[in-house]
Each structure stands twice: as C-alpha cells, then as structure tokens.
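Notes follow the structure.
In full-length UniProt numbering, the protein residues as written are 1 to 190.
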C-alpha cells in the first residue's frame, strides 16, 4: 500500500478490514478486495488469487511434538479453530480438511476456538497448538520461519478466493483502472 501511495498520491486509500460486507454506494467505495466465491450483488468481481488451506504450527511446538509426522498424528494435538467465517458453511475448517485426507475419527470439538483469523495464527506462533491456515495469510510467516507448514505434500484448495470488486459503472474511471492494474501487477510480483 505504501508503494501505491507513493506512486499515486492523488488517490485516497481507506482500509476497512472487516468481515461485514461493505456497501460500496453508501460508503463511497470504488474498489475493494473480498474473500469469497466471487458473487456479490451489484459488483463486478475479478479473481486475484486462489488459496490453499493447511496446518501450521510454531517451530518450538514442532520440536516439542516431534511425533507429528502424518495427519493421523493430529489425534494427540491441540487444534486451533478459526471461527471467523463460521457463518459461511463452505469455509474450510478442520472437519473438511481431515475428511480430505481420509480421517474421520479425530475429535475436532476439542482444542482452542478463536473468532479472528489473525489471532488464530498468533496462537499458533505462540505454540498453543496446530492451526488450519489460509496460504495467503501465512505466506510471510512461513518464509520468515515464524510458522511451519505441516504435511506440505498434501494440497487442499479453499472454495474461497480473493477477488477485486468494483461497481461496473465505474470501470472506466481512471482511478479505478489504475487500482485494478496496480493490484494485478502486485499479485504477479508475489
């Protein structure tokens, strides 16, 4: 965002990091990023990127639980649950991830339940257990070694993706075109 502001100082940025759906007309929003399945009434949605979901933990937690070699070993581990999207039935949680690897006998009702994705990751970094993380959110934490991706050979795509959204009648506004182009340039750099 700093890069965008330096490049386009005449375009104002408002960050509204919120799980509630923002009303573009009422809030006077031109362009936004949404996480979902790409359909929002009155908005055009262009997919920015897909996402994977996978278990992560801190290096210290993995050192203390060196037996954690396969998904089946999660039976003996504290699972950290992300409740931030629980209203969205298709949002991948522990049950769907475990089912995808053929495990139906792990008690997922136990563990820590948190209603904020960032707090879930913080709990994992602090060594409280294993979290099911969204790849886009943990990319830097994995690169810097704050978190470790468990079972990297297992791939589980989220049914949700990140979308750039805008009101169709504004697609030809210069500031909207600039934002759209800039977002796609940034995504390709990642």
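Each residue gets a CB set at the ideal place from its N, CA and C atoms; glycine is no exception.
Taking residue 181 as reference, the option from 47, 113 and 18 with the minimal CA-CA separation is 47. Going by DSSP, residue 12 is part of no alpha helix (DSSP H) at all; its letter is neither H nor E. Exposure of residue 155 is indicated by the presence of fewer than 16 other C-beta atoms within 10 angstroms of its C-beta. Residue 44 carries a strand assignment under DSSP once its states are collapsed to helix, strand and coil.
Here residue 8 carries a coil assignment [DSSP, helix/strand/coil]. Excluding sequence positions up to five before and after residue 175, its CB lies within less than 6 Å of the CB of 11, all in the same chain and listed in chain order. Between residue 49 and residue 136, the C-beta spacing is below 8 Å. Annotated as proximal: residue 80 and residue 112, with beta-carbon spacing under 8 Å. Between residue 158 and residue 86 the beta-carbon gap is near 15 Å, outside 8 Å, which marks them as no contact. Residue 67 is not a Cβ neighbour of residue 127, given a cutoff of 8 Å.
DSSP lists 81 as the bridge partner or partners of residue 113. Going by C-alpha positions, residue 83 is about 12 Å away from residue 121. A Cβ-Cβ separation of about 7 Å places residue 13 in contact with residue 4 under the 8 Å criterion.
Contact between residue 56 and residue 147 is confirmed by a C-beta separation of about 4 Å, below the 8 Å threshold. Beta-bridge analysis with DSSP links residue 49 to 162.
Residue 73 and residue 184 have their C-alpha atoms some 40 Å from each other.
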